Each structure stands twice: as structure tokens, then as C-alpha cells.
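Going down the list, the sequences are from chains F and R.
This note's numbering puts the first sequence at residues 1 to 185.
This note's numbering puts the second sequence at residues 1 to 185.
For every residue, glycine included, the Cβ atom is placed at its ideal position computed from N, Cα and C.
Keep in mind that this is a model prediction, so the values were computed, not measured.
Take a look at the structure below.
Protein chains: 2
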Amino acid sequence: MVGRRSDTRERIQRVALELFAEQGYEKTSLREIAERLDLTKAALYYHFKTKEDIVHSFMSDLASALDDLLEWGRSHRDSAHAREEVLRRFSAVVAGEYAPVLRFMQQNMPAMRELGVKHAFAAKIQELFRLVCAGEDDPATQLRSRLAVVALMLQANPMFAADPETLPPADVALRVALELAAPRD
Amino acid sequence: MVGRRSDTRERIQRVALELFAEQGYEKTSLREIAERLDLTKAALYYHFKTKEDIVHSFMSDLASALDDLLEWGRSHRDSAHAREEVLRRFSAVVAGEYAPVLRFMQQNMPAMRELGVKHAFAAKIQELFRLVCAGEDDPATQLRSRLAVVALMLQANPMFAADPETLPPADVALRVALELAAPRD
DNA sequence: GTCTATAAGTCGATAGAC
DNA sequence: GTCTATCGACTTATAGAC
């Protein structure tokens, strides 16, 4: 609030995220983002140094949220309850305010690679896998643990919804994820 | 074999598929594809009318394979054994010769939408979901059925592999998919 | 079938006025 | 903070020689 003369910067972020996810990063031009906001390209360049900079701005927010999550997970290792809580918190991240960012990523993997943000994100997801599978080395158990995480991420992807128009409720995805990560009997 | 003067057309398809999956459809120029094959752009235009045409050429091959699969599934409805066989055949498709096409799709969803091939593919996946979940309407059961399909599709996506460099063996993915689609006890 | 050359357009980014 | 105007570097696609 303090010192904020206008919200143009955040409006650019929101519109860019939406268009990048819908049409793809490369296919979305700065001209199109500017037109949507009744601005010119030059105005965009006042708020962001480059087109890539817009992506970095919201990717670093997500990275911080994931780092907090992983830090909590690391400090509560080797507890079944903690593994469940990690899934719960991850579900809250991907279904909450960061859902548009998750959607952008799933729709723009090649762009993420070129912008140099894919590797860092992949590393965080890999650590999440390790926290959830908790040292189990049976390949099937590991795959189920990864699917638990995927079940939550897929909430941001309309393609895999039951009804293509309506994403499944977050609590269903969380319940299925928890049972996938639970030890077999 | 008969009538094939050269294999240039297939070499273009293979290289384009690889580059599209790696760098993205928009980011890959016809110049780059031509250079990789020691050809010129103009030579590409002899074999394909447009850049979009290259994509359509391998997407229609995959569509035929999926249509065969769905046709078989429709004619063997309401049998648990048939539902398992559908998953087995789908696994063979996505882990076999069509794996590069699946990988292209997962990396280029926005491009697929714009090329007008996304909707047809999404419809086939939705029908596959319906065949696998076999009329169950419990949301959790439906989500598990979708995850069975996703477990198989993810074989084409290195991001979700246990070891980022090595995709999990197809038989593990199939086994987990089968148990996800099986009725609960 | 493959080439050279070029048309026609879009893009990201910058300079400088206000 | 936002504008107009522009630059240079691409891109897809075509024409026509060989």
C-alpha cells in the first residue's frame, strides 16, 4: 500500500499470466498485452526491463512459496503426519493464489526451459517427491507418490478434469493424493 | 517401399517433432529444421504446404491409433477385463512409436489449441476416461481412473520421472495404472 | 527435388518528447 | 508514467531457375 502510486505493474502481471497460459508465451506479444490494458508497449518497458522479466517476476513469488513448503518438510522428516501435511500445504499453494502460475508453467514448459527457470522448479518438485515417498525405493511406491503430487498439480489443468468445464473440487484431489501417498497394506 | 523415391518427408517429420518437443513449436523455425537436415526452407515447402501441415501430418497418425483403441473399447463395454485391456493398449501406444508425438503434445498445448487439434484430442482422452471409469460416478473413483490414464501418459514426460534422466519402466506404470482403475474393496 | 532471392509482415526493444 | 516513432532482426511463405 505505502508508496504505491498505481497498480499498473500488477495489472500487467495478471494479464500477461492469463494470456501466456491461454495462447502460449511466444505467441503472446507485448503489443497484445498492452492493448488489453489500454497502454502502449513503451509503457510496459517502463515497468519491466524485458518480456522475460515479466515471467521472472511471478515465478520468483512461486519459488518462495515452494521453498517455505520444502523447508517445513525438511524440518519434519520421517513422520507420516508430516508427509500428509506437506501434501495439504502443496494443495493449498497450487489451488490458491498461485493456481494461474501453475497453469502458466504446465502450458509453457519449453519457454520455461529457455528462460532458465525450469531446472530450479523441477528440482523443487523432485525434492517434494522425495519428501512424500519418504525413502521407499520400490518403483511402484515411488510412482504412486509422484502421482499423489501430480493429482494436486492437475487441478490447474482443465484437460484432465472430469467435466472439461469444471475442475474437480480441491478436497477430492487432496483425499486421493493422501491415499496414494499412504503406505500400502 | 513401393513408389518411395526418398525418405526426406519422414526425416522432416522426425526432426520437426523432436525440435518442437524440445524448444516449442513457435520457437522452432523452418530454417532450423532445414539446417538440421542440410536442406533449405524452400525444400521443406515442397513436402509440406505450411508449418502447421507438418504438425497435422503426425497428429492424424496418432488420432487413427487412438480411434482404433476407442473403437475396440466401445465394442467390449462393461467388462472389467476389457477395461484393463484398454489401459494395456493405451500404454503400448504412448510408450511405443507414438511416444514422441505424446511428448510434443504435452509440451505444446497452446499451439495445439491454435492449430485446432487440441479439441479433438481432448475429446478422445475424455472418452478414454469414461471407458476406464465404467460408469462410476463417485468423484474420487473418477479421479483415480483419470490418474490411471495420466500415469501412462506421464511416461512421455521426463519432468515427473523418479530419476530425471531415466523414465520409469513401462511395466511399472502399467501395473500402477491397473490398480488405480480397479474397483475399491 | 532442391536451390537462390525476396516479399511482406511481426516481433522485442530503444530514443526522446511530454 | 505514458506517449510516438523507429530500428534491426527475425519469421512464414512464394517465385522462378536449375
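In the structure shown, what three-state DSSP assignment does residue i receive?
i: residue 38(R); result: coil
i: residue 163(F); result: strand
i: residue 144(R); result: helix
i: residue 29(F); result: coil
i: residue 116(F); result: coil
i: residue 48(F); result: coil
i: residue 81(F); result: helix
i: residue 127(F); result: helix
i: residue 73(R); result: helix
i: residue 97(R); result: coil
i: residue 175(R); result: helix
i: residue 136(R); result: coil
i: residue 169(F); result: coil
i: residue 61(R); result: helix
i: residue 6(F); result: coil
i: residue 158(R); result: helix
i: residue 182(R); result: coil
Mind reading off the beta-carbon distance from residue i to residue j? Whole number of angstroms is fine, and I expect it under 8 Å.
i: residue 19(R); j: residue 32(R); result: 6 Å
i: residue 70(F); j: residue 147(F); result: Going by Cβ atoms, the distance from residue 70(F) to residue 147(F) rounds to 19 Å, so no, they are not a contact pair.
i: residue 174(R); j: residue 87(R); result: 7 Å
i: residue 181(F); j: residue 132(F); result: 5 Å
i: residue 17(F); j: residue 104(F); result: 6 Å
i: residue 118(R); j: residue 110(F); result: Not really, about 16 Å apart at Cβ, beyond 8 Å.
i: residue 172(F); j: residue 139(R); result: 5 Å
i: residue 152(R); j: residue 91(R); result: 5 Å
Buried or exposed: where does residue i fall if 16 or more other Cβ atoms within 10 Å of its Cβ makes it buried?
i: residue 169(R); result: exposed
i: residue 183(R); result: exposed
i: residue 83(F); result: buried
i: residue 21(F); result: buried
i: residue 46(R); result: exposed
i: residue 120(F); result: exposed
i: residue 156(R); result: buried
i: residue 64(F); result: exposed
i: residue 6(R); result: exposed
i: residue 60(R); result: exposed
i: residue 123(F); result: exposed
Roughly how many angstroms lie between the CA atoms of residue i and residue j, to the nearest whole one?
i: residue 14(R); j: residue 145(F); result: 34 Å
i: residue 162(R); j: residue 42(R); result: 43 Å
i: residue 141(R); j: residue 39(R); result: 52 Å
i: residue 25(R); j: residue 115(R); result: 11 Å
i: residue 49(R); j: residue 56(F); result: 37 Å
i: residue 79(F); j: residue 101(R); result: 41 Å
i: residue 73(F); j: residue 177(F); result: 17 Å
i: residue 8(R); j: residue 51(R); result: 16 Å
i: residue 66(F); j: residue 125(F); result: 9 Å
i: residue 89(F); j: residue 135(F); result: 20 Å
i: residue 58(F); j: residue 98(F); result: 9 Å
i: residue 113(F); j: residue 68(R); result: 35 Å
i: residue 30(R); j: residue 23(R); result: 13 Å
i: residue 94(R); j: residue 85(R); result: 14 Å
i: residue 76(F); j: residue 76(R); result: 49 Å
i: residue 106(F); j: residue 62(R); result: 22 Å
i: residue 179(R); j: residue 53(F); result: 44 Å
i: residue 96(R); j: residue 81(F); result: 40 Å
i: residue 12(F); j: residue 137(F); result: 45 Å
Discussion item. To be precise: take each residue of the region 87 to 115 of chain F, compare its Cβ to all Cβ atoms of chain R, and keep it if any distance is under 9 Å. Which residues remain?
Written reply: 106, 107, 108, 109, 110, 111, 113, 114
Worksheet item: Residues in the region 10 to 27 of chain F with C-beta within 9 Å of chain R's C-beta atoms, listed in sequence order?
Response: Taking 9 Å as the Cβ-Cβ cut-off against chain R, the residues of the region 10 to 27 of chain F that qualify are 20, 21, 22, 23, 24, 25, 26, 27.
Item to complete: Determine which residues of the region 34 to 58 of chain R have a Cβ less than 9 Å from any Cβ of chain F, and write them out in chain order.
Response: Residues are counted here when their Cβ sits less than 9 Å from a Cβ of chain F; for the region 34 to 58 of chain R the count is zero.
Worksheet item: Given a limit of 8 Å on CB to CB distance, which residues of the region 130 to 143 of chain F reach chain R?
Response: 139, 140, 142, 143
Item to complete: Determine which residues of the region 63 to 88 of chain R have a Cβ less than 8 Å from any Cβ of chain F, and write them out in chain order.
Response: Those residues of the region 63 to 88 of chain R that come within reach of chain F (Cβ to Cβ, closer than 8 Å) do not exist; the list is empty.
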